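Input: a single structure, listed below in C-alpha cells.
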Amino acid sequence: MTIATEKNKVQLKSIGFSDRAYGRSVEENKIKIVVEDFNFFYGKTHALKNINMKIRSNAVVGIIGPSGCGKSTFLRCFNRMNDTINNIRYQGDISVDGNNIFDKDLDVVDLRRNVGMVFQKSNPFPKSIFENVAYGLKINGINDKDFIQERVEKSLKDAALWSEIKDRLNESAFSLSGGQQQRLCIARALAVEPEILLLDEPASALDPIATGKIEELIHELKKKYTIVIVTHNMQQAARVSDYTAFFMLGELVEYDFTNKIFTNPLKKITEDYVTGRFG
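Counting in this note's numbering, the sequence shown runs from 1077 upward without gaps.
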C-alpha cells in the first residue's frame, strides 16, 4: 500500500480530519468534551436537566440508566443528530476541544466528521463491503484510489474485521453476519478519522461471541479515540468503561470512575440500579 501523500493529508485536514493518522500523539489526560448546565427539550418535555460533565481524551465513558431516562438523547447531542427532529430546543453548552458545538458559525457537517456515530442496529449501505467503508472518503472529495484503498484497509483493521473479510471486499455488506455488519459500521465511521466515537447500544442485538468482539474492539479503539457508549448491560458497562454516568429521569445522578460507581457509589439510587434492585 502507498503511504498517504502530502496532498491527501492537506485535503483530509481541510475537511476536518485529524492528524492522528500521521503519527501525532494525543495527550491522554486532556479534557476532550465539556458539558455545562445543559438542558434539552422536546417541545414542552424537559428531557435532559442541567447536565454537567467532563470527558477526557482516550477514555471510554459508559452511560447507563433505565429506558426513557435520556441516555440516547444525550448521546445524539454530541454530534447534533437531534437537530433533525422538529420542535427541539437546547440550553447550556457542549464544547469539544474548547469549541462550542452550538455556535452559529459551526459547520455541523464538520462536527459529524469529527464525532462519528454507530447505532444500535447495524445499518450497512446496500453496497459492497469496500464501498461501505470508502463512502465517507468519496463524498468528501477524496479521489486517490491508492489512498482510498489504504484507508479502507486501515479502517477494517482498526475495526478488527480485515482478517475475516479481506478476500470478500466486493461482496455485498449484507452477506456479513450481524456482528460483522456492526464492526463494518464502526470501520465506516473510522474511515474519515473522527476523534470521538459515539456508540448507541452497539451490541444489544448481538450474540455473546459477537458482543465479546465488540468489547475487545472498544478496548483497542480507546488508544486512538474518545468513546462514549450507551448500554443497558451493567456487566458490559463495568467491562469496557473507564468512567460511568448514571442517568435517571433526564438527570445525571452520578458520574465517576466505573469501579467506584459499581462498588462504592455515593448515592443509594445508583447502588440500587447497578445491583439490579430496579430498572
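Positions of the beta carbon are idealized from the N, C-alpha and C atoms, including for glycine. From a predicted model like this one, the values you see are computed outputs, not experimental measurements.
Please list the terminal residues of the continuous alpha helix (DSSP H) segment that includes residue 1314.
1310-1316
Every unbroken beta strand (DSSP E) inside the segment 1237-1307 [3 residues or more]
1272-1276, 1302-1306
What is the DSSP secondary structure of residue 1189, counted as helix, strand or coil?
helix
Tell me the DSSP bridge mates of residue 1113?
Answer by DSSP bridge pairing: none, since residue 1113 is not bridged.
For residue 1234, the first and last residue of its enclosing alpha helix (DSSP H):
1221-1234
For residue 1206 and residue 1265, I'd like the C-alpha separation in whole angstroms.
13 angstroms
Taking residue 1153 and residue 1323 to be in contact with their CB atoms under 8 angstroms, please state how far apart those CB atoms are, rounded to whole angstroms.
Not really, about 13 angstroms apart at Cβ, beyond 8 angstroms.
Helix, strand or coil for residue 1152 per DSSP?
helix
Buried or exposed, going by whether 16 or more other CB atoms sit within 10 Å of the CB of residue 1353?
exposed
Sort 1244, 1287, 1109, 1121 by Cα distance to residue 1174 and report the nearest one.
1109
What's the C-alpha gap between residue 1302 and residue 1272?
5 angstroms
Tell me, to the nearest whole angstrom, how far the beta carbon of residue 1310 is from that of residue 1140; I am working on the premise that it is less than 8 angstroms.
7 angstroms
Please return the same chain residues whose Cβ sits closer than 7 angstroms to the Cβ of residue 1198, not counting the five positions on each side in sequence.
1254, 1257, 1258, 1261
Starting from residue 1407, trace the alpha helix (DSSP H) both ways and give me its first and last residue.
The question about residue 1407 has no answer, for the chain in this structure spans 1077 to 1355.
When 1276, 1165, 1239, 1210 are compared against residue 1136, the one with the closest alpha-carbon
1276
Check whether the segment 1284-1303 touches the segment 1337-1349, counting contact only when three or more Cβ pairs, one atom from each stretch, lie closer than 8 angstroms.
no
Considering only C-alpha positions, which residue in the set 1267, 1307, 1296 is nearest to residue 1282?
1307
Going by other Cβ atoms of all chains shown within 10 Å of its Cβ, with 16 needed for buried, is residue 1116 buried or exposed?
buried
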